[in-house]
Structure formats: structure tokens, C-alpha cells
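Engineer:
Residue numbers (this note's numbering): 438 to 729.
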């Protein structure tokens, strides 16, 4: 059991309430989300309080569960064998996230390559009910969509995120060599750059000449970039927690698995953005021949 004298390198966790509470929290959040969007159980559409309760429950479970994992590591339960298992778990988690983005890229490519198959090479012009709607998708991006100039705000965001990848690497290298001052400075800079990326993304959205409603292009664009933006926010919170733990003295050159995972996650976010920049910003702009 956790913290007891054992004769093997594996860690058997104590009975924990967090898996059950986590399932309940996610269920409440899901039901609250449906209620907010469509209405449910007699609650009107737009009722947000159940979703807020579910979100608060999820945050509480995350805090409690991960605090337990940190405590287990501090009392010596994270042996080298256990650390390997945790690394495998983080790798599989990132792999599952990659598959989410594969789905968004797949849909974006399908929309851009096979748009003529959706509307048909020709259609009955006498069908006035659908002709106008189909005409909107007779090219990709749709004729009424003004794409972003990728070499303005998107390029700036790309440079900001790539720079954050160098600072988080610097922080990790400094921590591994016992230079806590440089590690903290590098981590602070990474967090500031992450916040700057999010701010630029919000600014970019405010200048968009299209919405997510009514066009396949808008839906695909906002789903892909918005999902990535959510990951940047999550990664920034991840790094902030690491910074707090670093100032609290919870990380050492030999024991900093949490920060190592945060750095992996941040590099994953960096790489995904490069694909987004190339295929969601640059390629449609070159095809469309215009910019916003």
C-alpha cells in the first residue's frame, strides 16, 4: 500500500474516491452543457448554473487527484519503474490528443479537396430552394469568406509560440542542472508568452470576416484553432502550477516529473500549431488569393 514498506518497485494505490467523483463530475458537466445549449429537465435553454457546477466539480477533482499523486511522489512511491509507467501514460495521453487534431485536419482537408463532390459537378438549377445554399460551397474557401492574411497576426502568434518552446526547454534544462533561478525565469517567460498567444488569438478572432455559423469553412476553422487555443490555456495553467510548486520547493533536479510532462505537453501544442499555420492559414490564403 502507499507509503508502506514493500519489497517490489511497483506502487499499489490506496482506495481513492477520485475516480468515482471524477465520473460524477464529468456527468454533471455533460448534462449541464446539454441543458445550456438545448434545455433539459424542464430547464430553459441558456440555463448555465448546472454546467458551472459540473465545471467546478471537475476542477475540484483534478486538484484533489493530482495533489494525491504529488503526495505519493514526495513520500517515495514513485520508484523508477513507476515513473516509467507514468511516462507511458503521458505519452498515450498526448497520442490521444494528436488523434483529436487528426480528426479536425481530416475534416478540413476533406472540405477543401472534395468540395465539388458535396455540391455535385452540376445540379438542377431549377431547384431554387437549394441553389443559393449550394452556390456558397461551389468553391473553397466559400466565396463570401475573406481569409486571414497568415503573415500578419497568425505569423506573430507562430513566432510567440515557437519562442515559448525555447524558453520552456531552457527552464527544463536549468532545472535538471540545479539552476533554480534560471528555471524559474524561463518558466515565467514561457507563461507570459502563452498568455500573449491567447491574447493575440482573441484579437485575431475579433477581426475575423466570417463566423463559425453557416459555413463549413468557418466551422472547421474555429473548431481547429479554438481547440488548439483551449490546449494553450490548459498548458499555461499546467505551467503555472509547476511554477508554484517550484517556488514551494517541490521540485528538484532529480524529481520534477510534473514539469517534464508540462514541457512535453507544451512542445506538442507548438508542433500542432505549425500544422495549423501551414494548412489552415497559409494554404487557404494562397488558394483564395486574398486576405483579411
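A virtual CB, placed ideally from N, CA and C, is assigned to each residue, including glycine.
Give the list of continuous alpha helix (DSSP H) stretches no shorter than 4 residues that lie fully inside the region 610-680.
Structural biologist: 617-643
Engineer: From what residue to what residue does the alpha helix (DSSP H) around residue 549 run?
Structural biologist: Here residue 549 refers to the residue found at position 112 when the chain shown is read from its first residue. DSSP places residue 549 in the uninterrupted alpha helix (DSSP H) bounded by 517-550.
Engineer: Quick check: the Cα distance between residue 635 and residue 460, rounded to an integer number of angstroms?
Structural biologist: Locating residue 635 in the chain shown gives position 198, counting from the first residue. Locating residue 460 in the chain shown gives position 23, counting from the first residue. Approximately 30 angstroms between the Cα atoms of the pair.
Engineer: Which whole-angstrom value is the C-beta distance of residue 469 and residue 491, which I expect to be below 8 angstroms?
Structural biologist: Taking the chain shown and counting its residues from 1, the one referred to as residue 469 is at position 32. Taking the chain shown and counting its residues from 1, the one referred to as residue 491 is at position 54. The distance from the Cβ of residue 469 to that of residue 491 is about 4 angstroms, consistent with a contact at the 8 angstroms cut-off.
Engineer: Under 8 angstroms, do residue 516 and residue 721 count as touching if we go by C-beta distance?
Structural biologist: Taking the first residue of the chain shown as position 1, residue 516 is located at position 79. Taking the first residue of the chain shown as position 1, residue 721 is located at position 284. No, Cβ-Cβ distance for residue 516 and residue 721 is not below 8 angstroms.
Engineer: For residue 558, count the other beta carbons within 10 Å of its own beta carbon; 16 or more makes it buried, fewer makes it exposed. Which is it?
Structural biologist: To locate residue 558, count along the chain shown from 1; it is residue 121. Annotation note: pLDDT 47 at residue 558 (below 50); position unreliable, coordinate value reported separately. Looking at its Cβ environment, which holds fewer than 16 other Cβ atoms inside 10 Å, residue 558 is exposed.
Engineer: Cα separation between residue 455 and residue 534?
Structural biologist: Here residue 455 refers to the residue found at position 18 when the chain shown is read from its first residue. Here residue 534 refers to the residue found at position 97 when the chain shown is read from its first residue. Computed Cα separation, rounded: 23 angstroms.
Engineer: Is the Cβ-Cβ distance between residue 506 and residue 462 less than 8 angstroms?
Structural biologist: Along the chain shown, one-based indexing puts residue 506 at 69. Along the chain shown, one-based indexing puts residue 462 at 25. Result no, Cβ atoms of residue 506 and residue 462 do not sit closer than 8 angstroms.
Engineer: For residue 643, count neighbouring Cβ atoms within 10 angstroms of its own Cβ and tell me buried if that reaches 16, exposed if not.
Structural biologist: Within the chain shown, numbered from 1, the residue matching residue 643 stands at position 206. With fewer than 16 other Cβ atoms within 10 Å, it is exposed.
Engineer: Which first and last residues belong to the alpha helix (DSSP H) in which residue 460 is found?
Structural biologist: Here residue 460 is taken as the residue at index 23 of the chain shown, counted from 1. Where residue 460 is concerned, the enclosing alpha helix (DSSP H) stretches over 455-475.
Engineer: Please name the residue, chosen from 504, 522, 587, that lies closest to residue 723 on a Cα-to-Cα basis.
Structural biologist: As a position in the chain shown, residue 723 is number 286, starting the count at 1. It is 587 whose Cα lies nearest to the Cα of residue 723.
Engineer: Note down the Cα distance separating residue 464 from residue 452, rounded to an integer number of angstroms.
Structural biologist: Counting from one through the chain shown, the residue named residue 464 turns up at place 27. Counting from one through the chain shown, the residue named residue 452 turns up at place 15. A straight line joining the alpha-carbon of residue 464 with that of residue 452 spans about 22 angstroms.
Engineer: Can you give me the C-alpha to C-alpha distance between residue 682 and residue 688, rounded to a whole angstrom?
Structural biologist: In the chain shown, the residue the question calls residue 682 occupies position 245. In the chain shown, the residue the question calls residue 688 occupies position 251. One C-alpha to the other measures close to 7 angstroms.
Engineer: Give the range of the alpha helix (DSSP H) segment to which residue 505 is assigned.
Structural biologist: Translated into the one-based positions of the chain shown, residue 505 becomes position 68. 486-511 is the span of the alpha helix (DSSP H), which, as asked, contains residue 505.
Engineer: Helix, strand or coil for residue 728 per DSSP?
Structural biologist: As a position in the chain shown, residue 728 is number 291, starting the count at 1. Here the model assigns residue 728 a pLDDT of 49, short of 50, so the residue's position is not dependable, and the following value carries that caveat. The answer is coil: DSSP assigns residue 728 none of H, G, I, E or B.
Engineer: Provide the residue span of the alpha helix (DSSP H) that contains residue 450, from first to last.
Structural biologist: Along the chain shown, read from residue 1 onward, the residue named residue 450 stands at position 13. Where residue 450 is concerned, there is no enclosing alpha helix (DSSP H), given that its DSSP letter is neither H nor E.
Engineer: With H, G and I counted as helix, E and B as strand and the rest as coil, what does DSSP make of residue 563?
Structural biologist: As a first step, residue 563 must be located in the chain shown, where it is residue number 126. Note that residue 563 scores 47 on pLDDT, short of 50, meaning its location in the model is unreliable; the coordinates nonetheless yield the value given after this. In this structure, residue 563 counts as coil in the three-state DSSP scheme.
Engineer: Taking the alpha-carbon positions, what's the residue 719 to residue 501 distance?
Structural biologist: Residue numbering aside, residue 719 sits at position 282 when the chain shown is read from its first letter. Residue numbering aside, residue 501 sits at position 64 when the chain shown is read from its first letter. Distance between the alpha carbons of residue 719 and residue 501: 43 angstroms.
Engineer: With C-beta atoms as the reference, is residue 624 less than 8 angstroms away from residue 680?
Structural biologist: Taking the first residue of the chain shown as 1, we reach residue 624 at position 187. Taking the first residue of the chain shown as 1, we reach residue 680 at position 243. Contact: yes.
Engineer: Do you know offhand how far residue 657's Cα is from residue 485's?
Structural biologist: For the purposes of this step, residue 657 is taken as residue 220 along the chain shown, with counting starting at 1. For the purposes of this step, residue 485 is taken as residue 48 along the chain shown, with counting starting at 1. Approximately 26 angstroms, taken between the alpha carbons.
Engineer: Tell me, please, whether the region 700-707 touches the region 659-674 by the rule of three or more beta-carbon pairs shorter than 8 angstroms.
Structural biologist: yes
Engineer: Under 8 angstroms between C-beta atoms, does residue 624 make it to chain D?
Structural biologist: Going by chain labels, chain D is absent from the structure shown, which holds only one protein chain.
Engineer: According to the Cβ coordinates, are residue 503 and residue 664 closer than 8 angstroms?
Structural biologist: Locating residue 503 in the chain shown gives position 66, counting from the first residue. Locating residue 664 in the chain shown gives position 227, counting from the first residue. Not in contact: residue 503 and residue 664 (Cβ atoms no closer than 8 angstroms).
Engineer: According to DSSP, is residue 685 part of a helix, a strand, or is it coil?
Structural biologist: On the chain shown, position 248 is the one that residue 685 refers to. If DSSP states are grouped into helix, strand and coil, residue 685 belongs with coil.
Engineer: Hey, out of 604, 639, 653, whose CA is closest to residue 628's CA?
Structural biologist: The sequence position of residue 628 within the chain shown is 191, counting from 1. Nearest C-alpha to residue 628: 604.
Engineer: Return the CA-CA distance between residue 633 and residue 645, expressed in angstroms with no decimal places.
Structural biologist: The residue labelled residue 633 in the question sits at position 196 within the chain shown. The residue labelled residue 645 in the question sits at position 208 within the chain shown. About 19 angstroms.
Engineer: How many Å lie between residue 549 and residue 494 at the Cα?
Structural biologist: Position 112 of the chain shown, counted from the start, is the residue given in the question as residue 549. Position 57 of the chain shown, counted from the start, is the residue given in the question as residue 494. Answer to the nearest angstrom: the Cα atoms are 40 angstroms apart.
Engineer: Provide the residue span of the alpha helix (DSSP H) that contains residue 704, from first to last.
Structural biologist: Reading the chain shown from its first residue, position 267 is the one you call residue 704. Residues 694-713.
Engineer: Could you tell me the distance, in whole angstroms, from the CA atom of residue 607 to the CA atom of residue 614?
Structural biologist: In the chain shown, counting from the first residue as 1, residue 607 sits at position 170. In the chain shown, counting from the first residue as 1, residue 614 sits at position 177. The straight-line gap from Cα to Cα measures roughly 11 angstroms.
Engineer: Just mark residue 529 as buried or exposed, buried being the case when its beta carbon has 16 or more other beta carbons within 10 Å.
Structural biologist: The residue you call residue 529 lines up with position 92 of the chain shown. Per the 10 Å Cβ criterion, exposed.
Engineer: Give the DSSP-derived three-state secondary structure of residue 588 in the structure shown.
Structural biologist: Position 151 of the chain shown, counted from the first residue, corresponds to residue 588. Coil.
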